[in-house]
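Visitor:
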Amino acid sequence: MAPWSIAFIGLLWEFHCCVCRDVSLPAGPLYRVAGFSLSLPCTVTGYEGKRTQDFEWFLYHENAKGQQIGVVSTRDTGFPYAVFLPRVQSGEVRVERDSDGKARLIIQRLRPEDQGRYECYTPSTDTRYLGNYSSSVDVKVIPDTLLITHSRILSGQPVIEGAELQLTCAASIQSEQHTHVSVTFGVRGSKGAESAGHNLREIIAFDRDQRVAPGRGGAYEKRYRDGEIALEKRNGDGGRDLYVLKMSTLAPEDSGAYFCEAVQWIRDPAGNWERIAQRTMEVGNLVVQPLTDTLTVRSRPEGVVSLQTGSPLTLTCQVSGVGVWNRSALLVQWMRRGPAGGVEVEVARMGTDGVVSWGDDASRAGGGSMEKEADGKFSLRLFSVHPVDAGLYRCVVSVFAGRLTPGPSSPATITQRSEWVTVNLKTEDVRVSATIDLPHRPLLKRGSTVTLLCNVSVLTTGSAQVEVQWIQKPEDPRRKDVTLSEDRGGRVLATLSYDGVTRIYSNGSDLSVDRVSPGSYRLRVFSAREEDQGHYLCQVEVWSQDPHGGWYNTGGKTESRTVHLYLYARVADLLLIPLVIGVSSALFVGVLIIATVTCCFMNRLARQRSQIRK
Numbered sequence: 002m003a004p005w006s007i008a009f010i011g012l013l014w015e016f017h018c019c020v021c022r023d024v025s026l027p028a029g030p031l032y033r034v035a036g037f038s039l040s041l042p043c044t045v046t047g048y049e050g051k052r053t054q055d056f057e058w059f060l061y062h063e064n065a066k067g068q069q070i071g072v073v074s075t076r077d078t079g080f081p082y083a084v085f086l087p088r089v090q091s092g093e094v095r096v097e098r099d100s101d102g103k104a105r106l107i108i109q110r111l112r113p114e115d116q117g118r119y120e121c122y123t124p125s126t127d128t129r130y131l132g133n134y135s136s137s138v139d140v141k142v143i144p145d146t147l148l149i150t151h152s153r154i155l156s157g158q159p160v161i162e163g164a165e166l167q168l169t170c171a172a173s174i175q176s177e178q179h180t181h182v183s184v185t186f187g188v189r190g191s192k193g194a195e196s197a198g199h200n201l202r203e204i205i206a207f208d209r210d211q212r213v214a215p216g217r218g219g220a221y222e223k224r225y226r227d228g229e230i231a232l233e234k235r236n237g238d239g240g241r242d243l244y245v246l247k248m249s250t251l252a253p254e255d256s257g258a259y260f261c262e263a264v265q266w267i268r269d270p271a272g273n274w275e276r277i278a279q280r281t282m283e284v285g286n287l288v289v290q291p292l293t294d295t296l297t298v299r300s301r302p303e304g305v306v307s308l309q310t311g312s313p314l315t316l317t318c319q320v321s322g323v324g325v326w327n328r329s330a331l332l333v334q335w336m337r338r339g340p341a342g343g344v345e346v347e348v349a350r351m352g353t354d355g356v357v358s359w360g361d362d363a364s365r366a367g368g369g370s371m372e373k374e375a376d377g378k379f380s381l382r383l384f385s386v387h388p389v390d391a392g393l394y395r396c397v398v399s400v401f402a403g404r405l406t407p408g409p410s411s412p413a414t415i416t417q418r419s420e421w422v423t424v425n426l427k428t429e430d431v432r433v434s435a436t437i438d439l440p441h442r443p444l445l446k447r448g449s450t451v452t453l454l455c456n457v458s459v460l461t462t463g464s465a466q467v468e469v470q471w472i473q474k475p476e477d478p479r480r481k482d483v484t485l486s487e488d489r490g491g492r493v494l495a496t497l498s499y500d501g502v503t504r505i506y507s508n509g510s511d512l513s514v515d516r517v518s519p520g521s522y523r524l525r526v527f528s529a530r531e532e533d534q535g536h537y538l539c540q541v542e543v544w545s546q547d548p549h550g551g552w553y554n555t556g557g558k559t560e561s562r563t564v565h566l567y568l569y570a571r572v573a574d575l576l577l578i579p580l581v582i583g584v585s586s587a588l589f590v591g592v593l594i595i596a597t598v599t600c601c602f603m604n605r606l607a608r609q610r611s612q613i614r615k
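Counted the way this note's numbering counts, the sequence shown spans residues 2 to 615.
1. Report yes if the CB atom of Gly257 is closer than 8 Å to the CB atom of Val188, and no otherwise.
2. Taking only the alpha-carbon atoms, compute the straight-line gap between Val483 and Thr555 and give it to the nearest angstrom.
3. Where in the stretch 188-276 do unbroken runs of the alpha helix (DSSP H), each at least 4 residues long, occur, reported from the N-terminal end onward?
4. By alpha-carbon positions, which one of Gly448, Val89, Thr310 ends up nearest to Glu532?
5. Report the three-state DSSP secondary structure of Leu524 (helix, strand or coil).
6. In three-state DSSP terms, what is Pro113?
7. In angstroms with no decimal places, state the Cα-to-Cα distance between Ser464 and Val323.
8. Quick one: what's got a C-beta closer than 7 Å to Thr297's C-beta in the same chain, skipping five residues either side?
9. Residues in its own chain within less than 7 Å of Lys481 by CB, not counting five upstream and five downstream?
10. Can the beta-carbon of Val351 be found closer than 8 Å to that of Phe379?
11. Compare the Cα-Cα distances from Ser156 to each of Glu49, Val284, Thr423 and report the closest residue.
12. Is the Cβ-Cβ distance between Glu468 and Glu542 less than 8 Å?
13. Using CA coordinates, which residue listed in Leu454, Leu512, Thr128, Glu372 is at the minimum distance from Ser518?
14. Going by the DSSP bridge assignment, what does Asn456 pair with across the sheet?
15. Which residues mark the beginning and the end of the alpha helix (DSSP H) in which Val89 is found?
16. Take Leu111 and list the residues in its own chain whose beta-carbon comes closer than 8 Å to its own, dropping the five residues that flank it on each side.
17. Identify the continuous beta strand (DSSP E) that holds Asp139 and give its terminal residues.
18. Would you decide whether Ile277 is buried or exposed? Buried here means 16 or more other CB atoms lie within 10 Å of its CB.
19. Does the structure place the stretch 300-309 close enough to the stretch 130-146 that three or more beta carbon pairs sit under 8 Å?
20. Determine the direct distance from the alpha carbon of Gly355 to that of Ser176, and round the result to whole angstroms.
21. Using 8 Å as the cut-off, can you tell me whether the stretch 402-415 makes contact with the stretch 155-174, which would need three or more C-beta pairs spanning the two stretches below that distance?
22. Does Asp482 come out as helix, strand or coil in the three-state DSSP assignment?
23. Using 10 angstroms around the beta-carbon of Ile578, count the other beta-carbons present and answer buried if the total reaches 16, otherwise exposed.
24. Quick one: Cα of Lys618 to Cα of Phe85, how far?
25. With H, G and I counted as helix, E and B as strand and the rest as coil, what does DSSP make of Ile107?
26. Alpha carbon to alpha carbon, how far is Asp23 from Ala220?
27. Please report the Cβ distance between Gly501 and Lys474, rounded to the nearest whole angstrom; I am assuming they are in contact, meaning their Cβ atoms lie under 8 Å.
28. According to the neighbour-count rule (16 or more other Cβ atoms, all chains shown, within 10 Å of its Cβ), is Trp326 buried or exposed?
29. By alpha-carbon positions, which one of Gly29, Ile230, Gln211 ends up nearest to Glu203?
30. Roughly how many angstroms separate the alpha carbons of Phe207 and Leu232, rounded to a whole number?
31. Using DSSP's beta-bridge definition, name the partner residues of Phe186.
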């Protein structure tokens, strides 16, 4: 036969076989582990006849000299041989259909005697017998050598939110085949998972490619990026690899039953990775108690504290229920509110870095201290209390669970406040009165020096000094002067403090204040102007000295009645008016006389000339 004719026949056969039946199985050999499942997908294409095809499986043992054993069939319940019939009836060996032309043989638990060549045969439904009707693959059953152990079982005892968890699993295999092992840590039964519709969550894994992979689609990825979850691989004894899970900040949703899972993987000839063995080790139950259930903050002493002015004040903040102290950072604040309520202000705080800062009253930084005396014990000390220190105190604690160095914008896990402690001061009885005097009032003129006296009387049992403020209220209340300090529609002109310091506020006038005698304080306005007119008063506050030498405001305060200042014109200004009027009048009379005389002279001269002509 000519070569061209042979080639033509071959092309003709290929054309026919484009619509021929074809049965295929994965390329082999396939290695699977005894005691675990085998799944062999069989696919048929290019067939005719009914849409849903039937499948029959045969096994050929290596030493059976081609003798076939019927395993299972989709069309004949009596097809299995005796060695497979009980397993087929129990469902351990079965066929699962993926589609009309695809089904897979499932052996739930492989036995060593299941090793051999498996053939998938499809009974013909075609009009012509074309193509192949079966395919086979070798399956090798290898021993199960996957071992997994743990070094710690969770006791089930509750741990506090923010605590650290460390679990260790050891995994090993002894196989002549090239296989990989992956290890996964997970949890079942978490309340958060159940509420989301999931009963199992993978926390983190060491995958078959030797990479660390956090659980997908949840908070574990973010916690892994933030360094709160880690997985380490270490070398152990006896050829075992140790896998260590570390969770640095436990949350209530981490509660549940923990497990460690090891999987043995092999790469089939087709290039696909298949899991051939798997073991799961239960590690135990973990219960994470929320800090809201455990954290307590108390102030000591409780109730009411009564002190004399100048006495020291010590308050203690007791914090418990945080768990391990070196696992969480704390922000501790002392807050105060006035005896009658009002706005709550910060007295002092100790940051998460241990640095103390003072709040509304920065002067307290030198008259007090805030210290950490022990884990969970923080003290506030005021060396000498003053009336302004009276009020309600409480301790506010913010816990950053599991974070020792939280960022400035990091939210606290929980913030809790203690009960209020009332601090009362037994103050001295202080009586103060003030009067204002304007000497030489009828003689005050513009440009002269104006003197105002503030006479103060103080009755108290201890030593005291006064602070005097001079206040002016302008004549026109609608006038808007730019002043440094305002009070009741007036402006503060000057202050003489309890320690003798003078403060003059700029208002365009030349001012001075001084103490002329015990109980008498003077304000002088030099070269007084019209703008200095108005109502004046003095305001007095009583200051006392505590046993430690510090000065404080006793709360004794009063102000005098107002005195009115009116400035008259100067004598020179008064004389100038008649002088100007007199000069003007004299000039007018002189011009009038000259004009009259000139007129009369000209009339007489005219009459004389007319007589001479006659």
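Cβ coordinates follow ideal geometry from the N, Cα and C atoms, glycine included. Quantities reported herein were computed from a predicted structural model and do not represent experimental measurements.
Guide: Reading it off the structure:
1. yes
2. Any reading at Val483 needs caution, since the residue's pLDDT is 36, under 50, leaving its predicted position unreliable; the model's value is listed next. Between Val483 and Thr555, the C-alpha separation is close to 31 Å.
3. 192-196, 220-226
4. Gly448
5. strand
6. helix
7. 49 Å
8. Ser321, Gly322
9. A caution first: Lys481 carries a pLDDT of 45, below 50, which makes its placement in the model too unreliable to give a value.
10. For the sequence presented, residue 351 should be read as Met rather than Val. For Met351 and Phe379, yes; Cβs fall inside 8 Å.
11. Val284
12. yes
13. Leu454
14. Thr436, Ser521
15. 86-91
16. Arg33, Val34, Ala35, Gly36, Phe37, Ser38, Leu39, Val142
17. 135-143
18. buried
19. no
20. 56 Å
21. yes
22. Bear in mind that the predicted position of Asp482 carries a pLDDT of just 45, short of 50, making it unreliable; the figure below should be weighed with that in mind. Coil, per DSSP.
23. A caution first: Ile578 carries a pLDDT of 48, below 50, which makes its placement in the model too unreliable to give a value.
24. Residue 618 lies beyond the residue range present for the chain, which begins at 2 and ends at 615; the question has no answer from this structure.
25. strand
26. 48 Å
27. Not quite, the Cβ-Cβ distance comes to about 27 Å (not below 8 Å), so this is no contact.
28. exposed
29. Ile230
30. 8 Å
31. Ile205, Cys261
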